[in-house]
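Encoded as structure tokens, the structure appears first; notes follow it.
Numbering (UniProt numbering), first residue to last: 1 to 445.
Set out below in structure tokens:
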């Protein structure tokens with residue numbers, strides 16, 4: 001897709017479904033809805049389906065990939081979401097048909113950014129809460145599926161663009177040894193957010209990478225290996241649809257050359273914290289498409305400043321959340337609450353190894369320090385703007401405050417492990433340059 005081009009149409013066809021069933025375990029009326037980047041691409045025709053038999057939808061929809069809407073970066077980190085919806089017969093005096101979401105499937109468009117013009121996939125329909133698929137999948141191991149094809153009339157990237165561009169993958173895993181004062185008890189709601197800014201092009205401002213779905217866990221056992229990575233989106237109607245198909249977190253050794261905590265005491269404490277202490281888990285992957293200009297900009301930025309800030313925040317929400325209408329596809333929470341950042345930390349990750357020839361992978365442990373504007377400016381010379389301020393601008397609320405409350409971090413830092421080392425949290429972080437290099441690591445507070 002040439003710079004300045006009007007765009008290329010991306011066409012997707014839902015060919016058929018297998019092992020589909022409705023709420024009453026009998027013939028049912030249903031349709032498939034396709035959504036990409038928050039836009040409804042279309043609905044299939046409503047079909048009467050037999051239970052557990054195949055059905056041909058032959059439903060085609062499309063969108064235009066351009067520099068304005070549905071960009072290459074959107075394709076990199078956003079899937080097409082397919083929702084199977086059951087339609088119930090109208091009752092007397094009923095104005096609208098009642099519907100029920102049975103399941104959701106996701107279609108990863110990444111092959112289009114690897115130069116392919118077409119691909120086919122069989123995607124699993126993940127059940128929503130209360131869906132009949134929950135019990136069927138557990139009892140018989142039978143999973144409902146949709147067969148889809150995706151195609152473009154021409155490659156989205158020419159051979160030159162493919163060789164000069166890059167796909168940077170950022171995965172935020174788990175923050176260990178977070179302050180003990182954090183808890184999930186009743187009271188104000190909390191959000192756990194990590195942010196990082198990366199240049200995607202030479203012409204636009206840096207892209208804020210936002211990881212906002214952190215989950216506080218009490219500890220007691222190690223995080224399992226080979227756990228699935230999540231899409232960097234909001235909540236799905238089907239919980240299991242949030243996982244990227246075929247992508248999981250693996251257990252990799254930490255390179256001591258990129259490790260803030262490599263003393264014997266640190267290693268002992270990390271082993272203890274990974275089993276028994278509180279942690280916040282994201283396990284979320286954000287893929288970024290970086291064009292040729294962005295690749296040059298990224299390299300120049302690393303030369304100017306090798307330490308890049310990754311911010312970690314605990315945001316407290318006061319008030320209640322009012323949900324919008326209950327119609328399928330029209331859920332829009334209306335948040336009118338006050339948001340305060342009750343914890344603000346920052347880890348400085350050394351990006352310089354990305355410039356080394358042949359480097360494919362970096363994994364390290366990075367401490368999270370209390371956020372300080374002066375420290376940030378001193379380390380990066382104002383080359384990188386902090387993500388916390390940019391994130392606040394994204395929150396559409398009346399008031400957003402920052403208390404600067406670092407009591408939990410300060411208290412944990414003051415108490416040593418057997419009197420020898422501070423209890424600093426750290427965060428698992430993975431960056432990967434698909435065309436050339438990969439970075440992965442842990443942020444340590």
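For each residue, glycine too, the CB sits at the ideal point set by N, CA and C. Note that the structure is a prediction, hence the values are computed from the model and not measured.
Asked	Found
Selection from 342, 215 and 147 that minimises the alpha carbon distance to residue 316	342
Residue 432 beta carbon less than 9 angstroms from that of residue 361	yes
According to DSSP, residues forming a beta bridge with residue 95	Per DSSP, none; premise fails for residue 95.
Separation of residue 237 from residue 101, as counted between CA atoms	8 angstroms
Straight-line gap, residue 292 to residue 202 (C-alpha atoms, nearest Å)	8 angstroms
Which listed residue (122, 109 and 91) has its alpha carbon closest to that of residue 37	109
Cβ-based neighbour list, residue 166, same chain, cut-off 6 angstroms, excluding 5 preceding and 5 following	290, 295, 433 and 435
In DSSP terms, what residue 56 is bridged to	16
Reduced DSSP category for residue 356 - H, G, I as helix; E, B as strand; rest coil	coil
Endpoints, the beta strand (DSSP E) within which residue 280 is located	279 to 290
Reduced DSSP secondary structure (H/G/I, E/B, other) of residue 300	helix
Exposed unless 16 or more other CB atoms sit within 10 angstroms - verdict on residue 213	buried
Spatial distance of residue 249 from residue 239 (CA atoms)	18 angstroms
Proximal residues to residue 78 (C-beta, below 6 angstroms), its chain only, five neighbours per side dropped	37
Simplified DSSP state of residue 366, which is helix, strand or coil	strand
Opening and closing residue of the alpha helix (DSSP H) in which residue 77 lies	72 to 77
Three-state secondary structure assigned by DSSP to residue 184	coil
Contact set for residue 211: own chain, Cβ-Cβ below 6 angstroms, skip 5 residues either direction	172, 194, 282 and 284
Residue 130 burial status per 10 Å Cβ neighbour count (16 or more: buried)	exposed
Residue range of the unbroken alpha helix (DSSP H) whose run includes residue 164	159 to 164
Residue 216 - partner residues in DSSP beta bridges	280
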